[in-house]
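Undergrad: Quick one: this structure, given as structure tokens, is what I'll be asking you about.
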Amino acid sequence: MKIMKNQKRSIGYILSIALFSVSFLMAQGVTTAGLSGSVSDADGNVLAGADVVAVYTPAGTQYGAATRTSGAYTILNMKVGGPYTVTVSYIGYKSQTVENVALSLGVTERMNFTLTQETLEMAGIDVIAEMDNVMNGDRTGAATFISSEQVAQMPSIKRSTRDLTRLDPRSDGNFSFGGRNWLYNNISLDGSYFNNPFGLDDPAPGGQTNAEPVSFDAVDQVQVSIAPFDVREGGFTGAGINTVTKSPSEFRRAFFKGKK
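Residue numbers (the working numbering): 125 to 384.
Now the structure itself:
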């Protein structure tokens with residue numbers, strides 16, 4: 125019997141708490157108002173995407189919404205009272221404005237608008253776009269591009285193409301990238317592999333001759349990739365160094381002098 129009494133008492137406590145919570149929530153009440161309705165043209169066709177802007181005149185606060193595909197709009201959490209100035213606009217139609225609109229507490233007022241067409245004469249618009257060299261659809265991962273202008277301005281004592289790769293922030297300055305040994309790099313020249321197959325003293329051929337296999341003045345552009353997701357670039361865990369030479373149709377002369 126005691127168990128049943130305790131259960132009844134517990135159920136009574138739970139019901140009391142639930143009723144108290146409901147009454148507390150109801151006591152909080154609603155402190156805002158709203159505006160809803162639809163926008164159509166003179167023939168009754170709905171206008172989707174029309175802008176509805178309500179301005180609370182005393183403070184200049186703006187509330188806005190765009191009509192849905194059904195032509196309906198809803199603006200909630202608006203300050204009660206007024207006056208409001210409500211303006212509806214749509215391209216190709218004459219804007220409609222209603223002033224001195226008052227909103228009641230807890231009530232969503234309904235306002236329907238009918239817009240009439242008007243002829244608009246618009247001046248020509250020039251759209252100028254520039255490709256972002258960092259964020260574009262052609263990028264296949266983090267890479268450093270060394271342009272022909274940078275090649276021409278890059279100081280190099282040995283006149284080695286290896287000096288150009290030092291512009292990559294992931295280089296240690298000694299042909300190592302991302303903490304990997306230079307043996308794990310892949311060098312390509314005009315699309316062909318240009319690695320030293322023995323890998324004894326230099327990553328490129330001709331290391332023991334103390335000469336550069338490619339003239340510094342013949343380099344047009346260089347690309348250094350670390351982790352590309354392009355299937356055409358692979359075969360390395362260090363860096364992929366892609367070098368492109370100048371076009372053979374370009375007639376150029378280069379002079380330099382050095383001292384030892």
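Beta carbons: idealized from backbone N, C-alpha and C, even for Gly.
On a predicted model such as this, the values are computed, not experimentally measured, just so you know.
Going by DSSP, name the residue or residues bridged to V163.
TA: Answer is F237.
Undergrad: Let's see if you can read the secondary structure: which residues bound the alpha helix (DSSP H) around A276?
TA: Segment 272-277, the alpha helix (DSSP H) holding A276.
Undergrad: Over the uninterrupted beta strand (DSSP E) stretch that includes V177, give me the two end residues.
TA: Element bounds for V177: 175-180.
Undergrad: For D314 and N298, what's the separation of their Cα atoms in angstroms?
TA: Each residue's Cα considered, the two are about 23 Å apart.
Undergrad: Less than 6 Å between C-beta atoms, sequence neighbours within five positions excluded: which residues of the same chain meet that for Y217?
TA: L239, Q241, listed in sequence order.
Undergrad: Can you name, in chain order, every residue of its own chain whose Cβ lies under 7 Å from the Cβ of A266, other than the five neighbours on each side?
TA: Excluding residues within five positions, the ones whose Cβ falls inside 7 Å are I350, A351.
Undergrad: From A226 to A190, what does the alpha carbon distance come to, in whole angstroms?
TA: Roughly 21 Å between the two C-alpha positions.
Undergrad: For G205, does the count of other Cβ atoms within 10 angstroms reach 16, so buried, or fall short, so exposed?
TA: With fewer than 16 Cβ atoms within 10 Å of its Cβ, G205 is classed as exposed.
Undergrad: Three-state secondary structure (DSSP) at R114?
TA: This structure does not reach residue 114, given that the chain is present from 125 up to 384, and the question cannot be answered.
Undergrad: Does the Cβ-Cβ distance between S295 and T289 come in under 7 Å?
TA: Their beta carbons are under 7 Å apart, which means S295 touches T289 by this criterion.
Undergrad: Go ahead and label G230 buried or exposed: buried means 16 or more other beta carbons lie within 10 angstroms of its beta carbon, across all protein chains shown.
TA: Classification of G230: exposed, given that the 10 Å Cβ count is below 16.
Undergrad: For L227, write down the residues that DSSP places opposite it in a beta bridge.
TA: In the DSSP output, where bridge partners are listed per residue, L227 has G205.
Undergrad: Can T418 and Y308 be called in contact, C-beta distance under 7 Å?
TA: Because the chain is modelled from 125 through 384, residue 418 falls outside the range shown and cannot be assessed.
Undergrad: As a quick exercise: from S339, W306, K203, pick the residue whose alpha carbon is nearest that of K282.
TA: Comparing Cα-Cα distances from K282 to each of S339, W306, K203, the minimum goes to S339.
Undergrad: Of the choices G248, V210, A172, whose alpha-carbon is the least far from that of R234?
TA: Taking only the C-alpha atoms, the option nearest R234 is V210.
Undergrad: Leaving out five residues on either side along the sequence, give the residues of the same chain with a beta carbon under 8 Å from the beta carbon of S228.
TA: Hits under 8 Å: A157, V204.
Undergrad: Whole angstroms are fine: how far does the CA of S160 sit from the CA of L200?
TA: Rounded to whole angstroms, L200 to S160 spans 8 Å at the Cα level.
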